[in-house]
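Residue numbers (the numbering used here): 1 to 211.
Worksheet for the structure shown next.
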Amino acid sequence: MTRIVLVRHGRTAWNVERRVQGSSDIPLDDTGRAQAATAGALLAEAAHGGAGWDAVHASPLGRAFETASIIVEHLALGGSPTAGPLPEPALAERRYGLAEGLTHSEIEARFPDGDVPGRETVESVTERAGGALLRLAEEHPGGSLIVVSHGGVIAALARSLDPSLLGRPGPMIENGSAHTFGVIDGTLSLLRFGGVAELAAVAPSSEARPA
């Protein structure tokens with residue numbers, strides 16, 4: 001099995017203002033960088049329980065790529081130098097078209113019928129992001145990967161694999177949270193849906209690697 005830990009990027013100013021970011025390239029704020037450092041430290045600690053991380057991939061959007069870069073720094077400090085971050089365009093955030101930069105109340109007022117010009121469908125996000133994870137799994141058979149992406153991407157993938165998450169209340173994908181997926185024989189599955197506090201449970205396993 002190839003294990004893939006998807007981490008949501010750290011916080012940005014638009015997260016604080018609850019504005020839809022989509023493909024808009026909004027940088028991390030100081031809290032976001034601290035969240036990335038926390039995730040990196042925990043992932044480095046988790047690596048000591050297994051065979052280490054094979055690579056770190058990330059959406060090319062600045063908030064995700066900087067998060068990944070901070071994580072890589074902590075992996076190196078923890079004694080687990082890891083390749084990356086490597087850009088993966090197919091894991092960029094869902095495109096929200098004319099809704100980008102708006103709050104949810106502004107979107108409802110401006111597009112009361114829910115039809116937002118230029119907004120990417122959830123099905124499209126799931127297809128491109130899921131395909132990217134399967135491809136990465138083929139490139140790292142039996143490996144353990146860290147992938148930094150976005151809330152819309154992680155939610156689309158998780159909900160497609162576990163429909164019970166559709167009715168889950170509250171903020172589902174927190175900044176800096178980690179969610180573990182697995183790939184066996186070309187099939188993607190959701191192994192663990194959780195936050196940074198659960199990162200100790202996602203240590204890469206040497207048993208998962210081919211001889």
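Positions of the beta carbon are idealized from the N, C-alpha and C atoms, including for glycine.
- When DSSP assignments are scanned along the stretch 55-119, the uninterrupted stretches of beta strand (DSSP E) that are 3 or more residues long and fall wholly within it turn out to be 55-58 and 83-87.
- DSSP places Ser160 in the uninterrupted alpha helix (DSSP H) bounded by Gly151 to Leu161.
- Gly182 is the residue among Gly182, Pro112 and Arg128 whose C-alpha sits nearest the C-alpha of Ile146.
- Going by beta carbons, Arg128 and Gly97 fall outside the 8 Å limit.
- In this chain, the beta strand (DSSP E) harbouring Val183 covers Ala178 to Ile184.
- Residue pairing of Leu145 in beta bridges, as defined by DSSP: Ile4 and Ala55.
- Annotated as proximal: Ala132 and Ala90, with beta-carbon spacing under 8 Å.
- With respect to the C-alpha of Glu138, the residue from Arg95, Gly151 and Leu188 having the closest C-alpha is Leu188.
- DSSP places Arg33 inside the alpha helix (DSSP H), whose first and last residues are Asp30 to Ala47.
- In the structure shown, Arg18 adopts coil according to DSSP, grouped into three states.
- Contact fails between the stretch 108-115 and the stretch 17-24, because fewer than three Cβ pairs, one in each stretch, are under 8 Å apart.
- Between the alpha carbons of Ser144 and Met1 lies a gap of roughly 9 Å.
- Straight through space, the alpha carbons of Arg8 and Ala41 are spaced by roughly 15 Å.
- According to the DSSP assignment, Leu136 belongs to no beta strand (DSSP E) but to the alpha helix (DSSP H) extending over Val122 to Glu139.
- Shown here, Ser23 sits in coil according to DSSP, grouped into three states, outside any helix or strand.
- Short of 6 Å from the beta carbon of Glu66, and not among the five residues preceding or following it, lie these beta carbons of its own chain, in chain order: Leu28.
- Pro87 and Arg11 have their C-alpha atoms some 20 Å from each other.
- Here the C-alpha atom of Ala64 lies approximately 26 Å from the C-alpha atom of Gly186.
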